[in-house]
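For what it's worth, the working numbering labels the leading residue of the sequence shown as -2, then goes sequentially. For reference, the structure is listed below as structure tokens.
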Amino acid sequence: MNRGFAIFLIVIVGCSLFGWREYERQTRERLYQDRVKLKIQQQQQKQDQINELESIEQEEKTKFKVQIPHDGRPETNTFPMILDATSSFDPDQGDRIRYSWKQLSGNKIRLRPNSSSGIVSFEGTPGEYTFELTVSDNYGKSTVITKTVQIETEPNQAPIVDLEIRQGLTD
């Protein structure tokens, strides 16, 4: 009986050791797979951030930036802007083209002379203004472009103090 129990115990311990080794192997494999997945996710997040920054950089490059010139008058806070699309053309000779300007964002402005002119102007205060221009021909074909104008505030520096102290006599 003792011999049968000893053999039974040896078989149980052997199976347990084999089972434990298999458990360790599977755990190592899962840990490795988790690390690989995490590394792939981190690389994807990094690439997404790079793509987003490149997109922002490209958007900033396409903005037309102007600054209100310093004129010594604090009440001056507007800047005249001209949007000119009159060089647009239709490659099909003889087609007439029409313009349609639309303000998408920014402080509300009035386009002069009107929003269907090839060249428009407006008085803008500091801020960003985004416009959509649709140029279409008399056959109904059209091209749409979006442009952003950024008007920056008038530059101003603080006064520089030059104070002299000296000894003197009073009368």
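Each residue gets a CB set at the ideal place from its N, CA and C atoms; glycine is no exception.
N-terminal and C-terminal residue of the beta strand (DSSP E) that residue i is part of
{"i": "Val158", "result": "Note, Val158: premise wrong, no beta strand (DSSP E); not H, not E."}
{"i": "Pro71", "result": "Here Pro71 belongs to no beta strand (DSSP E), and DSSP marks it neither H nor E."}
{"i": "Leu80", "result": "Phe76 to Asp81"}
Cutoff 6 Å; reference residue i; Cβ partners in own chain excluding five residues on either side
{"i": "Ile65", "result": "Phe76 and Glu151"}
{"i": "Ser133", "result": "Arg95 and Ser139"}
{"i": "Phe119", "result": "Met78, Ile106 and Leu108"}
{"i": "Lys60", "result": "Thr145 and Gln147"}
{"i": "Thr122", "result": "Asn74, Thr75 and Asn104"}
{"i": "Leu80", "result": "Val117"}
{"i": "Thr143", "result": "Glu129"}
Three-state secondary structure (DSSP) of residue i
{"i": "Ile65", "result": "coil"}
{"i": "Phe86", "result": "coil"}
{"i": "Gly165", "result": "coil"}
Cβ neighbours of residue i in the same chain (closer than 7 Å, five flanking residues each side left out)
{"i": "Asn153", "result": "His67"}
{"i": "Ser114", "result": "Tyr96"}
Other residues of its chain near residue i: CB distance less than 8 Å, five sequence neighbours each side excluded
{"i": "Val63", "result": "Phe76, Met78, Val146, Gln147, Ile148 and Glu149"}
beta-carbon residue i near the ligand ADP non-hydrogen atom, thresh 7 Å
{"i": "Gln41", "result": "As presented, the structure is devoid of all ligands, the ligand ADP included, so that no description of it is given."}
What are the uninterrupted segments assigned as alpha helix (DSSP H) that are 4 or more residues long and contained completely in the region 90 to 153, given in chain order?
-> none
Segments assigned beta strand (DSSP E), at least 3 residues, entirely inside the region 4 to 65 | 61 to 64
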